[in-house]
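> Below you'll find the structure I mean.
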Amino acid sequence: MDKKIAIITDIHGNQSALKAVLDDIDCDPQIEHIYCLGDLVGIGYETNEVLELLVSRSDISFVKGNHDEAILDIIAGREVYSRGAEKKHHQWLATRLDPKYISFLKEIPTTLKANYHEKEMLFVHYHLQEQKKFLSVDKEPTDKKLDEFYQNSTAAIVCFGHHHVIHHFKTKNRLYLNPGALGCNHKPYAPYAILTIAESGATNVCFKEVPYDNEEFLLGYKRLNIPDADYILKVFHGNQHLKNL
Numbered sequence: 003m004d005k006k007i008a009i010i011t012d013i014h015g016n017q018s019a020l021k022a023v024l025d026d027i028d029c030d031p032q033i034e035h036i037y038c039l040g041d042l043v044g045i046g047y048e049t050n051e052v053l054e055l056l057v058s059r060s061d062i063s064f065v066k067g068n069h070d071e072a073i074l075d076i077i078a079g080r081e082v083y084s085r086g087a088e089k090k091h092h093q094w095l096a097t098r099l100d101p102k103y104i105s106f107l108k109e110i111p112t113t114l115k116a117n118y119h120e121k122e123m124l125f126v127h128y129h130l131q132e133q134k135k136f137l138s139v140d141k142e143p144t145d146k147k148l149d150e151f152y153q154n155s156t157a158a159i160v161c162f163g164h165h166h167v168i169h170h171f172k173t174k175n176r177l178y179l180n181p182g183a184l185g186c187n188h189k190p191y192a193p194y195a196i197l198t199i200a201e202s203g204a205t206n207v208c209f210k211e212v213p214y215d216n217e218e219f220l221l222g223y224k225r226l227n228i229p230d231a232d233y234i235l236k237v238f239h240g241n242q243h244l245k246n247l
C-alpha cells in the first residue's frame, strides 16, 4: 500500500497560514503523518498561536530550526546567533512565549529519521556541519553539490527547509526535497508538499500552495510595533501589506 506523508517547514509564527495548510492536509485522509522541518517561530509574531495548533495534534513529528534555537538560547541566557535588529526581534518574541511551550521546544531533535517501504528518510532543518551547526544558505544549490554533501548518508530521501524556496532534486543516489516556507511568502499562499512512496519504492512529490487571508496578520506587524517590522514586511512578505493601507 502506498505511504503518503505531508512535509511542512518554516511556519515562522504565521498561525493563519499554518491553519490553512493543516485544514488542506486534513481533507486528504490518505495522508498518514506530517513532518515539520523547523522554524516554527520567529519572523512572525503568532508564536503561541502556532505552538498551540501544533501541540494539539498527535500526527506531527518535528525537527528544530535556527529560529527555534535562538528563542531557547535567549530564554536560557545563552549567547544567541542573531545580531542587531534580528536579535531585538528574537528577544521581543522570547518575552512573549508562553512558558508552557518551552519544554516542547527543548525536546525537538535536530535530525529525525523514518523508513517507508525500505526507503530511509532524513529530516533536518538545513544541512548540518559536523558540529551540528547549520551551514550558510546555498543560494545556488545543485544536485551535484547535494550528492557530495550527503555522500556518506544512507538516506534515500533528504527533506529540509530554511532556504525559503522550493528544492526538488532527484539523482541516482537520492531525492532532495524542500517544500518552501509555509509562513513567509510574497503572495497570500502557504506552500507545502505531499510525498507518496509506493510499495515498489517509487516516489511522487506534489507541491501545493494553499490560499489564505493574510491581511490581518500582515497589518499586525505595525499594530503591535514589532521590532524590525519594516524589514520583515519587505523581505519576507514582499510589502503585501501596503495594498491594505
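Numbering of the sequence shown is given in my numbering, commencing with residue 3 and proceeding in unit increments.
Note that the Cβ used here is the ideal one computed from N, Cα and C, for glycine as well.
Treat the numbers as computed from the prediction; the structure is a model and nothing was measured.
List the endpoints of the continuous beta strand (DSSP E) containing Ala-192.
Taken as a continuous stretch (DSSP letters only), the beta strand (DSSP E) holding Ala-192 covers 191-199.
> Tell me which same chain residues have a C-beta within less than 7 angstroms of the C-beta of Tyr-214, skipping the five on either side of it?
Within the same chain, Tyr-214 has close Cβ partners Ser-18, Ala-19, Ala-22, Pro-190, Ala-192.
> Since Met-3 sits in a beta bridge, which residues does DSSP pair it with?
Its beta-bridge partners do not exist; DSSP assigns none.
> With which residues is Thr-113 paired in a DSSP beta bridge?
Bridge partners of Thr-113: Val-126.
> List the endpoints of the continuous beta strand (DSSP E) containing Tyr-178.
177-180 is the extent of the beta strand (DSSP E) around Tyr-178.
> Name the residue from Arg-98, Asn-68, Ile-76, Glu-201 whose alpha carbon lies nearest to the alpha carbon of Glu-51.
It is Arg-98.
> Answer with buried or exposed for Arg-176, where buried requires no fewer than 16 other C-beta atoms within 10 angstroms of its C-beta.
Classification for Arg-176: buried.
> If you draw a straight line from the C-alpha of Glu-34 to the C-alpha of Val-57, how long is it?
One C-alpha to the other measures close to 17 angstroms.
> Can you tell me the Cα-Cα spacing of Ile-13 and Ser-155, whole angstroms?
Approximately 27 angstroms, taken between the alpha carbons.
> So Tyr-37 is in the alpha helix (DSSP H); what residue range does that whole segment cover?
Looking at the DSSP string, Tyr-37 is not in any alpha helix (DSSP H); the run it does join, the beta strand (DSSP E), is 33-38.
> Locate the alpha helix (DSSP H) running through Phe-64, then write down its first and last residues.
Here Phe-64 belongs to no alpha helix (DSSP H); instead the beta strand (DSSP E) covers 62-64.
> Between Asn-68 and Gly-185, is the Cβ-Cβ spacing less than 9 angstroms?
Going by C-beta atoms, Asn-68 is not nearer than 9 angstroms to Gly-185.
> How do the region 114-128 and the region 81-91 stand: do at least 3 beta-carbon pairs fall below 8 angstroms, yes or no?
With a cut-off of 8 angstroms, the region 81-91 and the region 114-128 do not count as touching, because too few Cβ pairs lie within range.
> Classify Glu-109: buried if its beta carbon has 16 or more other beta carbons within 10 angstroms, exposed otherwise.
The residue is exposed, with fewer than 16 neighbouring Cβ atoms inside 10 Å.
> Going by beta carbon distance, what residues of the same chain come within less than 6 angstroms of Trp-94, once the five residues before and after it are set aside?
Cβ neighbours of Trp-94 beyond the five flanking positions: Pro-229.
> Given His-169, which residues of its chain have a CB within under 7 angstroms of its CB, disregarding the five upstream and five downstream residues?
Here the set comprises Pro-143, Tyr-178, Leu-179, Asn-180.
> Over the uninterrupted alpha helix (DSSP H) stretch that includes Lys-90, give me the two end residues.
Here the alpha helix (DSSP H) through Lys-90 covers 86-98.
> Buried or exposed: Thr-11, going by 16 or more other Cβ atoms within 10 Å of its Cβ?
Buried.
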